[in-house]
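In the working numbering, the protein residues as written are 3 to 84.
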């Protein structure tokens, strides 16, 4: 199958730098990089919550710990995230 890439890596990196965001290499076809991007975004959302009721604090800490452990145990894929 031919390469159906829509955005070049260079173009993606430039766009990310322009807007001050992190660049992710993701494949819609294979799903490569999707879990890493979701982990990053969801962690940032959780970390950005300044005021969290006490009953949510334990869930937040558990989530961050589980995400961290999952990242450690995931096999490294070939350059999915930059």
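Positions of the beta carbon are idealized from the N, C-alpha and C atoms, including for glycine.
How would you write the range of the alpha helix (DSSP H) that residue i sits in, first residue to last?
i, result
"residue 1", "Outside the shown range of the chain (3 to 84) lies residue 1, about which nothing can therefore be said."
"residue 28", "That residue, residue 28, is in no alpha helix (DSSP H); it is neither H nor E in DSSP."
"residue 51", "Here residue 51 belongs to no alpha helix (DSSP H), and DSSP marks it neither H nor E."
Compute the distance between the beta-carbons of residue i and residue j, then report whether it is under 9 Å.
i, j, result
"residue 42", "residue 65", "no"
"residue 36", "residue 48", "no"
"residue 44", "residue 69", "yes"
"residue 73", "residue 38", "yes"
What is the rounded straight-line gap between the Cα of residue i and the Cα of residue j?
i, j, result
"residue 40", "residue 31", "17 Å"
"residue 6", "residue 34", "15 Å"
"residue 10", "residue 19", "14 Å"
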